[in-house]
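In what follows, a structure is listed as structure tokens, so that the remarks can point back to it.
Protein chains in written order, with our numbering: chain V, 98 to 248; chain D, 3 to 373.
This is the structure:
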């Protein structure tokens with residue numbers, strides 16, 4: 098397994114407390130890595146459970162929760178994006194379920210997914226300002242949200 | 003005959019509509035009676051439940067959790083409690099585990115009965131609606147006796163449950179099991195032998211294996227496509243590995259099979275409840291871990307994920323802690339979000355009248371998707 102993944106730029110490998118392997122990959126080759134995991138006969142990650150973003154102080158971390166039905170195993174692929182200019186490739190062409198997840202992350206964290214066909218806000222109104230799940234989001238300032246009337 | 007209008011027409015269903023299960027909007031482009039495209043819009047019920055976690059302590063966040071989905075509160079409580087228990091290495095006593103499993107399965111039955119009642123009434127069969135809701139009411143009364151609440155129970159705590167089950171409550175559950183086992187078969191016959199229901203749902207809204215996996219569907223929606231994936235079997239949590247039950251699967255993937263699978267799941271849940279109540283009547287023990295002080299939860303910085311099989315699919319709760327008494331980030335994976343996502347694909351090129359049959363069969367709770 099180690100030798101096979103060596104072609105991808107793996108930055109870190111750790112195991113979470115609940116025993117799930119977490120692999121941090123460089124942003125430039127993470128999509129190739131996920132596509133490799135999906136198509137390889139060895140792992141066959143056929144379900145992308147969810148995509149989760151997390152605002153650490155210096156970057157925005159994206160976690161792709163993969164599951165291999167064949168091996169009955171979870172795997173988390175982590176990508177770190179720049180906090181000031183968060184851009185990442187979309188995986189909607191590999192997993193259709195990522196479309197809403199990526200829209201939610203765009204909405205809540207402001208991460209721009211290149212190649213996403215309909216990258217609009219998912220949960221917040223289109224007229225709202227800012228990204229609420231960022232740690233520096235100011236509730237007092239961004240309080241006035243105008244709801245659209247074109248229902 | 004010349005058509006009155008050959009151009010496309012846009013119809014919005016919702017956000018407030020009796021045909022949808024919560025506040026969501028389906029913007030539908032119609033040509034005559036054929037649906038050309040659909041866009042699903044959600045977010046009308048967004049309560050910021052993930053953001054709330056950052057400002058509340060671990061215990062303060064606990065009652066918020068079962069408000070994510072009003073139909074399966076126990077499942078969300080379990081997902082959150084087990085994540086915190088993993089984070090702080092808290093053991094749950096065996097008796098508490100059995101109580102949790104039993105209540106979760108009662109919750110599963112009540113949720114499926116709600117689904118059946120509403121789905122069948124949407125398709126015009128009012129008798130089954132009253133039949134299913136009367137049965138559901140019996141469960142809600144049992145839950146009210148045990149927890150004090152019918153739907154937002156708030157009964158689980160870190161390391162166990164709030165108080166023990168007495169013999170009276172267990173006897174009530176046993177009585178319910180014996181009466182329900184007959185009635186669920188009646189309910190199944192009402193659906194299997196119902197030509198009107200079959201004509202509306204068979205061969206409609208077919209989800210193939212690949213589509214179900216690609217859209218990350220879980221629960222009965224995935225199992226109706228022929229994939230045997232149930233977290234209770236493949237990654238057992240609590241005492242599920244000690245219990246005997248089957249996971250019903252089907253491979254037709256249409257609305258009819260999704261409905262039928264949920265009825266069969268109720269029969270399996272009944273088996274689990276019987277085994278749990280038998281254990282709880284016989285044995286005694288602690289109902290919670292007395293070493294845990296829920297006010298003093300200070301985990302080290304770590305990441306934990308817990309998965310729970312809810313009536314709608316797999317719930318997962320991810321907690322990232324930073325060493326303080328408040329979580330740094332809580333992420334919920336809610337199965338309804340992914341069921342909503344597949345709607346445009348299922349509704350395309352179908353008749354307008356098929357909307358209720360397809361949307362209803364997926365068991366969507368919009369408040370769960372919106373969080």
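Here a beta-carbon is modelled for each residue, glycine too, at the ideal position from N, C-alpha and C.
Shortest Cα-Cα distance from residue 358 of chain D to any of D/77, D/316, D/217, D/206 involves D/206. Put simply, the CB of residue 368 of chain D is far from chain V, with every gap to its CB atoms at 9 Å or more.
Under the three-state reduction of DSSP, residue 170 of chain V is assigned to strand. Of all residues in the segment 106-130 of chain V, only 113, 114, 115, 117, 119 come within less than 9 Å of chain D when Cβ atoms are compared, listed by chain position. When C-alpha distances from residue 106 of chain D are compared across D/141, D/137, D/93, the shortest belongs to D/141. For residue 180 of chain V, the closest Cβ of chain D is not nearer than 9 Å.
With the criterion set as a beta carbon lying under 8 Å from some beta carbon of chain V, the members of the segment 315-335 of chain D are 316, 318, 320, 322, 330, 331, 333, 335, in sequence order. Considering only beta carbons, the part of the segment 190-222 of chain V lying closer than 9 Å to chain D consists of 191, 192, 193, 194, 195, 196, 197, 198, 201, 204, 205, 215, 218, 219, 220, 221, 222, in chain order. Counting only residues of its own chain and dropping the five nearest sequence neighbours on each side, residue 41 of chain D has a CB closer than 6 Å to the CB of 29.
About 6 Å separates the beta carbons of residue 192 of chain V and residue 216 of chain D, which is inside the 8 Å limit, making them a contact pair.
Between residue 215 of chain D and chain V, the shortest Cβ-Cβ separation is below 9 Å. Here residue 113 of chain D is buried. Its C-beta has 16 or more other C-beta atoms within 10 Å.
Around the beta carbon of residue 213 of chain V, 16 or more other beta carbons sit within 10 angstroms, so the residue counts as buried. If you draw a straight line from the Cα of residue 167 of chain V to the Cα of residue 227 of chain D, it is about 17 Å long.
Here residue 309 of chain D is bridged, per DSSP, to D/318. Scanning chain V for C-beta atoms nearer than 8 Å to the C-beta of residue 372 of chain D yields 220, reported in chain order. If you look at residue 149 of chain V, you'll find it in the beta strand (DSSP E) that goes 144-152. Residue 71 of chain D is not bridged by DSSP to any residue. Any Cβ of chain D closer than 9 Å to the Cβ of residue 157 of chain V would place that residue at the interface, and such an atom is absent. Sequence-distant partners of residue 172 of chain V (beyond 5 residues in either direction) whose C-beta falls short of 6 Å from its own C-beta, in its chain, are 118, 163.
Within chain D, 50, 53 have C-beta atoms less than 8 Å from the C-beta of residue 229 of chain V, given in sequence order.
Here residue 165 of chain V has 140, 141, 142 as same chain residues with Cβ atoms under 6 Å from its own Cβ, once five neighbours each way along the sequence are excluded. Taking 9 Å as the threshold, the shortest C-beta distance from residue 172 of chain V to chain D does not fall below it. In the DSSP assignment, residue 186 of chain V falls within the unbroken beta strand (DSSP E) covering 184-186. Neighbourhood of residue 343 of chain D in chain V, by CB distance below 8 Å: 193, 194, 196, 197, in chain order. Under a 10 Å Cβ-count criterion, residue 122 of chain D is classified as buried, with 16 or more other Cβ atoms of the shown protein chains found around its own Cβ. Distances from the alpha-carbon of residue 84 of chain D to those of D/241, D/202, D/56 put D/241 closest.
Assignment of residue 215 of chain V by DSSP, reduced to helix, strand and coil, places it in the coil class.
Every alpha helix (DSSP H) of 4 residues or more that sits fully in the segment 37-110 of chain D is shown, in chain order, as 51-54, 60-67, 75-90.
Residue-level contact check: residue 146 of chain V touches chain D, since one or more beta carbons of chain D fall below 9 Å from its beta carbon. Contact note: residue 151 of chain V reaches chain D through 322, 331, using a C-beta cutoff of 7 Å and chain order. Sequence-distant Cβ neighbours of residue 274 of chain D in its own chain, meaning closer than 6 Å and more than five residues away, are 107, 245, 247. Contacts with chain V at 9 Å (Cβ-Cβ) include residue 340 of chain D.
Boundaries of the beta strand (DSSP E) around residue 118 of chain V: 118-122. Taking each of D/129, D/125, D/332 in turn and checking the Cα distance to residue 152 of chain V, the smallest one comes out for D/332.
A distance below 9 Å separates the beta carbons of residue 329 of chain D and residue 322 of chain D.
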